[in-house]
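A short worksheet on the structure shown next.
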Amino acid sequence: MLLLRCHLKQALPQKVSCRFCAVMGKLQSKFKHSSYKYRPDGFIEERSQTKALQEYSPAHVDTVSVVAALNSDVCVSGGKDKTVVAYNWRTGNVVKRFKGHEREITKIACIYKSSQVFSASRDKMVLMWDLQSSSQPRQQFSGHTMVVTGLTVSPDSSQLCTGSRDNSLLLWDVGTGQCAESASVSRNLVTHLCWVPQEPYILQTSEDKTIRLWDSRGLQVAHTFPAQQHIQTYCEVSEDGHKCVSCSSGFGGEGCEATLWDLRQTRNRICEYRGHFQTVASCIFLPRALASMPAIATSSHDCKVKIWNQDTGACLFTLSLDGSGPLTSLAVADTISLLCASFSRGIHLLRVDHSQGLGLREVVAF
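Per full-length UniProt numbering, residue 1 is the first one in the sequence shown, and the count goes up by one each step.
Set out below in structure tokens:
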């Protein structure tokens, strides 16, 4: 009996250790940390989905890397399945599938309320598609030597700008498919591109932790914003072209912020938004039709979408999409909805909820 007790005492710590490892695995996948110490005063605590969720047939069979709204009914997305999908999120029907890339889709660009879509891929190619014609690409843009990680169209849709991990930006004539300008900056591993509305300028984020403003007339750097502490992953410009927002990589609350910048003469940093625990992959300005005050939304690898007061930096609401994996892309769908792409659960349609201030709830997944 004494020998049996000795064996049990020796085995017990190993058993407890194994159970602890299993629990830690679950915590890492759901990432349920409290972000209290990173939030300004007056925050609203995060909320997980509680109401019934409508699920449509998935748009993709693998991770969704990017989603963009084409009009008030149709979104366009791409991912690891190498397919560009136009999807009617009101009916749950696929409008069109485009297959032409050999590797994962990294970026999607389109002009709102048009039929033209551009897709970039890890195969170094950019293809142009038209929803009103065949499923074959209308135009091909080939010139980068590494994965294409930036893609934006000029407001008049005549020019396309692409960026890559090869440190270069290329400016294309959409009609001819010819490269009109090229530029390269050492260590400028492009992460995102965004055309400034009504201006000849292009905003760009980079893995070198900087944000650059390019003049498309000759493709020259017009301004470089002060370097940040972490990789800048994404950027967007406000509708009036006066401000821009960028976001960063990070982990455990270090980095993981979004930053508001002035695009006018001073070009100073205006505000920071801190509260995510992992890399912030996307940041967008919310239209006034969606929010009663100037607001910004962010999505992160920590499975959370946050809404921020643009002026004060206060976190107004946090929606936790448990089980979704990293959230990869965020876009405005219509006057009351957002689209959010995820690593594990496809695309989420989020509805703005004003019942308790400014909030979000998930209504559809596809």
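Don't be surprised by glycine CBs; every beta carbon is placed ideally from N, CA and C.
Keep in mind that this is a model prediction, so the values were computed, not measured.
Check: Quick check: the region 232-252 against the region 280-299, are there 3 or more CB pairs under 8 Å?; Outcome: yes
Check: Go ahead and pull the three-state DSSP assignment for serine 35.; Outcome: Confidence in serine 35 is poor, its pLDDT being 38 and thus under 50, which makes the residue's placement unreliable; the coordinate value appears in the next sentence. Coil at serine 35, not helix or strand.
Check: Cα separation between phenylalanine 225 and methionine 293?; Outcome: 27 Å
Check: When you compare only the Cα positions, how much space is there between tryptophan 89 and valine 332?; Outcome: 13 Å
Check: Is it buried or exposed, proline 13, if we count other Cβ atoms within 10 angstroms and call 16 or more buried?; Outcome: In this prediction, proline 13 has a pLDDT of 38, which is less than 50 and means its spatial position is unreliable; nothing more can be read from the coordinates.
Check: Going by the beta-carbon positions, is the gap between isoleucine 105 and valine 66 smaller than 8 Å?; Outcome: yes
Check: I need the straight-line Cα distance from tryptophan 308 to threonine 298, nearest angstrom please.; Outcome: 8 Å
Check: For the beta strand (DSSP E) containing tryptophan 261, name the first residue and the last one.; Outcome: 258-262
Check: What residue from Gln139, Glu207 and Met146 has the CA that sits closest to glutamine 178's CA?; Outcome: Gln139
Check: Can you name, in chain order, every residue of its own chain whose Cβ lies under 8 Å from the Cβ of valine 305, other than the five neighbours on each side?; Outcome: Ala297, Thr298, Ser299, Thr318, Leu319, Leu321, Leu327, Leu330, Leu338, Cys340, Leu350 and Leu360
Check: So does cysteine 194 have its beta carbon nearer than 7 Å to some heavy atom of the ligand HEM?; Outcome: The ligand HEM is absent from the structure shown, which contains no ligands of any kind.
Check: So residue 373 is in the beta strand (DSSP E); what residue range does that whole segment cover?; Outcome: It is not possible to answer for residue 373, since the shown part of the chain is limited to 1 through 366.
Check: Within 10 angstroms of its Cβ, does arginine 264 collect 16 or more other Cβ (buried), or is it exposed?; Outcome: exposed
Check: What are the boundary residues of the beta strand (DSSP E) that aspartate 240 is part of?; Outcome: Neither: aspartate 240 is in no beta strand (DSSP E) and is coded neither H nor E.
Check: Apart from the five residues just before and just after tyrosine 38, which ones in its own chain have a Cβ nearer than 6 Å to its Cβ?; Outcome: Bear in mind that the predicted position of tyrosine 38 carries a pLDDT of just 37, short of 50, making it unreliable; the figure below should be weighed with that in mind. For tyrosine 38, where only same-chain residues beyond five positions count, the Cβ hits under 6 Å are Gly253, Arg274 and Gly275.
Check: Whole angstroms are fine: how far does the CA of threonine 63 sit from the CA of serine 344?; Outcome: 6 Å
Check: What are the boundary residues of the beta strand (DSSP E) that arginine 351 is part of?; Outcome: 347-353
Check: With a Cβ-Cβ cutoff of 8 Å, do leucine 127 and serine 115 count as a contact?; Outcome: no
Check: Is the Cβ-Cβ distance between valine 190 and serine 206 less than 8 Å?; Outcome: yes
Check: What residues in its chain sit with their C-beta under 7 Å from that of proline 267, if we drop five residues either side in the sequence?; Outcome: The displayed chain sequence assigns arginine, not proline, to residue 267. Around arginine 267: His223, Phe225 and Trp261.
Check: Whose C-beta lies closer than 7 Å to the C-beta of isoleucine 111 among residues of the same chain, with five residues either side of it excluded?; Outcome: Val153 and Ser157
Check: From which residue to which residue does the beta strand (DSSP E) around threonine 318 run?; Outcome: 315-320
Check: For histidine 144, which three-state DSSP category applies?; Outcome: coil
Check: CA-CA distance, proline 58 and phenylalanine 366?; Outcome: 4 Å
Check: Can you give me the C-alpha to C-alpha distance between lysine 82 and alanine 227, rounded to a whole angstrom?; Outcome: 34 Å
Check: List, from N- to C-terminal side, the beta strand (DSSP E) runs of 3 residues or more that fit wholly inside the UniProt repeat "WD" (273-318).; Outcome: 280-286, 295-300 and 304-309
Check: Per DSSP, aspartate 208 forms a beta bridge with which residues?; Outcome: None, per the DSSP bridge assignment.
Check: Over the uninterrupted beta strand (DSSP E) stretch that includes isoleucine 108, give me the two end residues.; Outcome: 105-110
Check: Relative to the C-alpha of cysteine 256, which candidate in Ser246, Glu272, Phe277 and Cys271 has its C-alpha closest?; Outcome: Phe277
Check: Going by beta carbon distance, what residues of the same chain come within less than 8 Å of aspartate 41, once the five residues before and after it are set aside?; Outcome: Any reading at aspartate 41 must be qualified, since the residue scores a pLDDT of 41, below 50, and its modelled position is unreliable; the value itself is stated next. Ala314.
Check: Ordered along the chain, which non-local residues of its own chain (more than five positions away) have a Cβ less than 6 Å from that of tryptophan 195?; Outcome: Thr152, Ser154 and Ile202
Check: Suppose you measure from the CA of valine 74 to the CA of valine 95; what does that come to, to the nearest Å?; Outcome: 8 Å
Check: In this structure, how does DSSP classify glutamate 181 when only helix, strand and coil are distinguished?; Outcome: strand
Check: Of all the options Leu171, Asp166, His301 and Leu193, which has the alpha carbon lying nearest to the alpha carbon of serine 186?; Outcome: Asp166
Check: Between His348, Phe141 and Ser355, which lies nearest to leucine 53 when the distance is taken from Cα to Cα?; Outcome: His348
Check: Compare the C-alpha of tryptophan 129 against each of Gly175, Ser182 and Gly218 and name the closest.; Outcome: Gly175
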